[in-house]
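Visitor: Structure incoming, see below.
Numbering (the numbering used here), first residue to last: 8 to 224.
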């Protein structure tokens, strides 16, 4: 995938892409590799990075992305501009900091009031609307992704976005009286590498990826 995108100048995606891509080109790849404990091949000039269960090779400084083929058969880091921006920000700002095993809601994060309404609409309600009355489909998609089932809600799974950074998605099925509902929980190390805007974008990337996986089943 090339790094030239056919977006209009007023597109909300183009400006952040160009901004973070420029910062990435100016960064020190060895510093990135050390800070995130990522393998970096100085001869090939590429990082090895796991994103949503797939192993990718990410070149420096031109950010060309290739994948190692796997059963998931869909590769958002090559297909989705929001996933690429999120990964640029992770490479620039992230840390290799394991969580304690605890999970938090978006609201419980240090910046939890920022973008809360947007996160509720773009992520929580969208997940409930997409899969709250289709639990069997959600189960098949998450098992396809290799996610780990948890005990919360009517059906829930957790999976890693990046190594050490896990998201739990919880569904409660609707009935005649109540609509379906959902929740996202994040491992408690997220504030060490991500900001409010990252998490809102992450929810978009996750749900879009689930829908892409679903089409492959």
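Don't be surprised by glycine CBs; every beta carbon is placed ideally from N, CA and C.
Can you check whether the C-beta of residue 47 is within less than 7 Å of a C-beta belonging to chain C?
Guide: This model lacks chain C altogether; it includes just one protein chain.
Visitor: Do the region 141 to 156 and the region 196 to 205 meet, that is, are 3 or more Cβ pairs less than 8 Å apart?
Guide: With a cut-off of 8 Å, the region 196 to 205 and the region 141 to 156 do not count as touching, because too few Cβ pairs lie within range.
Visitor: State the DSSP-derived secondary structure class of residue 216, mapped to helix, strand or coil.
Guide: Helix, per DSSP.
Visitor: Residue 61 lies in the beta strand (DSSP E); which residues open and close that run?
Guide: Taken as a continuous stretch (DSSP letters only), the beta strand (DSSP E) holding residue 61 covers 61 to 66.
Visitor: Given residue 138, which residues of its chain have a CB within under 7 Å of its CB, disregarding the five upstream and five downstream residues?
Guide: Once the five neighbours on either side are set aside, the close Cβ partners of residue 138 are 144, 145 and 178.
Visitor: Residues in the same chain with beta-carbon distance under 7 Å from residue 209, minus the five sequence neighbours each way, listed in chain order, please.
Guide: Closer than 7 Å at the Cβ level, and outside the excluded window around residue 209, lie 93 and 168.
Visitor: Just how far apart, CA to CA, sit residue 152 and residue 49?
Guide: Taking the straight line joining both Cα atoms gives about 31 Å.
Visitor: If the criterion is Cβ atoms closer than 7 Å, does the pair residue 61 and residue 45 meet it?
Guide: Not closer than 7 Å, so no.
Visitor: Leaving aside the five residues before and after residue 53 along the sequence, list all residues of the same chain whose C-beta is less than 7 Å from its C-beta, in chain order.
Guide: Here the set comprises 64, 65, 66 and 67.
Visitor: Does the structure place the region 187 to 196 close enough to the region 107 to 115 that three or more beta carbon pairs sit under 8 Å?
Guide: The region 107 to 115 vs the region 187 to 196: in contact.
Visitor: CB-CB under 6 Å to residue 26, same chain, minus the five flanking residues each way: which ones, in chain order?
Guide: No residues qualify anywhere along the chain.
Visitor: For residue 209, which three-state DSSP category applies?
Guide: Correct three-state label for residue 209: helix.
Visitor: Using the C-alpha atoms, what's the distance from residue 70 back to residue 13?
Guide: Residue placement at residue 13 is flagged as unreliable, the pLDDT there being 47, under the threshold of 50; the coordinate-derived value follows with that caveat. If you take the alpha carbons of residue 13 and residue 70, they lie about 17 Å apart.
Visitor: Can you tell which of 100, 135 and 75 has its C-alpha closest to the C-alpha of residue 182?
Guide: Measuring from the Cα of residue 182, the nearest candidate turns out to be 135.
Visitor: Might you give, ordered along the chain, the residues of its own chain that have their beta carbon closer than 6 Å to the beta carbon of residue 57, omitting 5 neighbours on each side?
Guide: Correct list, in chain order: 170.
Visitor: State buried or exposed for residue 29, treating a residue as buried only when at least 16 other CB atoms are found within 10 Å of its CB.
Guide: Classification for residue 29: exposed.
Visitor: Along the beta strand (DSSP E) that carries residue 167, what are the first and last residues, could you check?
Guide: Looking at the DSSP string, the run of the beta strand (DSSP E) that includes residue 167 is 162 to 169.
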